[in-house]
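Notes to accompany the following structure.
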Amino acid sequence: MISMSPVRPGAGWRYLFRGVMVGDGHRSAGTLLRAAQDEAGVPPGVWKGRGLAALGLRDGDVVTERQAELLLGEGRHPDADRIERELLTAGESPARARRATVLGRPIEHNRSPETDKAKERTPWLAFDLVFRPPPTAHLAWALMDDEHRRVLELCDDVARDKTLAWLEESVAQIRWKAGGKHRARVKDGLVVAVFRHYESRATESRPLLHAHAVVSIRARRPHDGKWGNLSADSLMAHIVAADTLYTLLFMEEVSARLGWAWEPREVTPGRRPVMDIAGIDRRLIGWQSTRRQQIEDALPVLTARYEERQGHVPGERASYALACQAADQTRPPKRTELWSLTELRRRWRTSAVRAFGADVVYRLAERARAAAAAVWARVRPVVDIVLAAVDVVAVVYVMRGAFKRHHLLAEARRHLAYVLRGRPHEPGMDEQIVQTVVDDYTRPVGRGHMMTADLRALYPRDTEDQAVLRPLTRKRSASPYERARLAADALAARVRAARRAERLGSRPRPRTVAVPAASRSHPRPLRTGPKDGRLLEQETGVVTVEQTRRTLEAAAAQMAATLQDSRRAREAAYGPRPQPTPATAPPTHAQQQPGTPPAPGQTPGGVT
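Take 0 as the starting number for the sequence shown in numbering that gives the first Met the number 0 and just add one per residue.
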């Protein structure tokens, strides 16, 4: 997952330099940055992003303390000392020499008396994006051997860098003029300082592989190359879509490099499941998540106080606020003792062996490989664009009512993660699903590019289906996500029923062949009918998770029974059909009469 918080002057700046840059520990005054990092057992930070070239930096360069102070703390060029010296030698005044090293508007401007609403404006220095892999990845990284540890760190690096690349290519905007009314894509890219951490710095240390990606707010305009500030609301609006992309990419990297598979796990009843590495003992998750247990113990007391004060149970937003309050109240003090990564891993394995036995800990990799084989035996990772679009629009509509494109994009990536279970997806498939939703199943509403589900497109002239769906979506005793899943399942069942009716009621004809998600081709769906008929578009794949497999098997059995009844009725009316002699070859697919079952080894068309 990804969380985002601003870095502001004062406390935010001090926490960045005294905590984040040294592994979330405590850096005493006067200690050099590199010495503090060595003492804390964390690697030095590195620079990332395509915007480094404009500053004379390269991808992978080590973040020095002075560079971080100048760029992330003062909004100046990371080599400002040299530039200022050269200008002073050339005869420039100290004020002009310093102003030449400032990237964009000086930070002091926002705190000057001349600035409008100066007391209400606090300048931002950077955005702190924290990247955390799924929980079971922390366990595999902490308890397995060094080879698996290095591979998992590499997977985290690749997924994080690709997510940052998507943010700077598709999301990051620079703003200028009063109120930021002019916005455009950044000219070069982002400037990011990445710091890797290994643990949760609570009193009782637990493994928590994560990285802080500190994104400088400074970027260049595309039309004149001048420096300005990034748009904070654009990044904040897309942070969930970035979170789902990072999780999807991390799952793919782990499956490609280690051969593991993923499966959903329900953490909280009625809420979205999380994707875990198949085969990891669930008891280890409880051993790792001591903070979660502390929060869950404190949450009922806060909830009871809320109900007594407000007179009703808390909603989704109030529940989230109460969970944050419980986390603040139960936050333990950070320990001051520092250990190296080797010592941390030794302590973690000793603790896990003592709690669950050596067989659980030392056979993690073996059981993950065996569980992956079982997952791939029952799940074929192929994506059906139409069913994916229906699933996405149903979930987002029930959860939000009105939504924007980035909400659909986040849900499309969740759908891919669940269907593919770690197998790679075609580049742009998430955008293809979203575009199908926007084109076929939504209509504009309100302002600001808002949209909502087009129920006429989802239910063309089917009042009975709408009557079935309405009680599901309005079932207030269920959580919003449970109602969303009920609606998505009802719509998916309708699509499959329409497809079966089309196959049974018309002559078999060629369809678009199912394309595995790992293929490089991009088949375009056939669009031959009006908008009301687009639910029957030719499919580019089939979702073959376990529920769909059972549904399709039931549909095949029903179709076979229908064909058998039809043949018996025809034979009763017209007599048995003449059988070919043994020397006659069985009819080909083009010669076969409609309504008759195919010969052994043949298929009547459709997706196999």
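For each residue, glycine too, the CB sits at the ideal point set by N, CA and C.
Check: Between the CA atoms of A260 and W375 - distance to the nearest angstrom; Outcome: 8 Å
Check: Assigned exposure category for R13 - 16 Cβ within 10 Å defines buried; Outcome: exposed
Check: Contacting residues, own chain, Cβ-Cβ under 8 Å from G106 (five flanking each side not counted); Outcome: Before going further, note that residue 106 is Ile rather than Gly in the sequence given. So the list reads P8, E73, G74, P122, L124, once near-sequence residues are dropped.
Check: The stretch 389–402 / the stretch 215–228 touching (three or more Cβ pairs under 8 Å); Outcome: no
Check: Burial state of P66, where buried means 16 or more other Cβ atoms lie within 10 Å; Outcome: According to the sequence displayed, residue 66 carries Gln and not Pro. With 16 or more Cβ atoms within 10 Å of its Cβ, Q66 is classed as buried.
Check: According to DSSP, residues forming a beta bridge with K633; Outcome: Only positions 0 to 607 of the chain appear in this structure, which leaves residue 633 out of reach.
Check: Counted within 10 angstroms of its Cβ, other Cβ atoms place R406 as buried (16 or more) or exposed; Outcome: The residue asked about is misnamed: residue 406 is His in this sequence, not Arg. Result: buried.
Check: C-beta contact flag for I276 and A136 at 8 Å; Outcome: yes
Check: Meets three-Cβ-pair contact criterion under 8 Å: the stretch 402–421 and the stretch 244–258; Outcome: yes
Check: As assigned by DSSP and simplified to three states, the class of A218; Outcome: strand
Check: Enclosing beta strand (DSSP E) for L153 [first to last residue]; Outcome: That residue, L153, is in no beta strand (DSSP E); its alpha helix (DSSP H) goes 145–165.
Check: Under 8 Å between C-beta atoms of G258 and A371; Outcome: yes
Check: Nearest neighbour of G48, chosen from D37, M0, T100, D187 [CA to CA]; Outcome: D187
Check: Neighbourhood of I1 by C-beta, 8 Å cutoff - its chain only, sequence neighbours within 5 removed; Outcome: L128, V129, F130, R131, T162, I238, A241, D242, Y245
Check: According to DSSP, residues forming a beta bridge with L172; Outcome: First, the amino acid is wrong: residue 172 is Gln here, not Leu. In the DSSP output, where bridge partners are listed per residue, Q172 has R184.
Check: CA nearest to the CA of A325, picked from L301, H76, V312, Y305; Outcome: L301
Check: Chain-order list of residues whose beta-carbon lies under 8 Å from that of A401 (same chain, five-residue window excluded); Outcome: V444, G445, M449, M450, T451
Check: Where E265 sits in the DSSP three-state scheme; Outcome: coil
Check: Buried or exposed (CB count within 10 angstroms, at least 16 for buried), S254; Outcome: buried
Check: T88 classed as buried or exposed, judged by whether at least 16 other C-beta atoms fall within 10 angstroms; Outcome: exposed
Check: Neighbourhood of P669 by C-beta distance below 7 Å, restricted to the same chain and skipping five residues each side; Outcome: Since the displayed the chain opens at 0 and closes at 607, residue 669 lies outside it and no answer follows.
Check: Beta-carbon spacing of G340, Y480 below 8 Å; Outcome: The identity of residue 340 in the sequence shown is Leu, whereas the question assumes Gly. Going by C-beta atoms, L340 is not nearer than 8 Å to Y480.
Check: 6 Å CB neighbourhood of A622 in its chain, flanking five on each side removed; Outcome: Given that the chain is displayed from residue 0 to residue 607, the structure contains no residue 622 and the question cannot be resolved.
Check: Own chain residues within Cβ distance below 7 Å of C154, not counting five before or after; Outcome: F249, E252, V253, R256
Check: Distance between beta carbons of V45 and V193, contact taken as under 8 Å; Outcome: 5 Å
Check: From H222, L298, D156, R308, residue whose alpha carbon lies closest to that of Q172; Outcome: H222
Check: Per DSSP, cross-strand counterpart(s) of V6; Outcome: A125
Check: Segment limits, alpha helix (DSSP H) that includes G456; Outcome: Looking at the sequence itself, residue 456 is Ala, so the reference to Gly does not match. Here the alpha helix (DSSP H) through A456 covers 454–457.
Check: 7 Å CB neighbourhood of P313 in its chain, flanking five on each side removed; Outcome: T302, Y305, L321
Check: CB of A141 within 8 Å of CB of L363, strictly; Outcome: no
Check: Runs of alpha helix (DSSP H) lying entirely within the stretch 331–418, each at least 4 residues, in chain order; Outcome: 340–355, 357–361, 363–377, 384–399
Check: Rounded separation between R499 and E265 - CA only; Outcome: 32 Å
Check: Helix, strand or coil at R104 according to DSSP, with G and I counted as helix; Outcome: coil
Check: Whether V213 touches G50 by CB criterion (8 Å); Outcome: no
Check: Distance between R353 and V382 (C-alpha atoms, nearest Å); Outcome: 43 Å
Check: For R219 and R184, the rounded distance between their alpha carbons; Outcome: 9 Å
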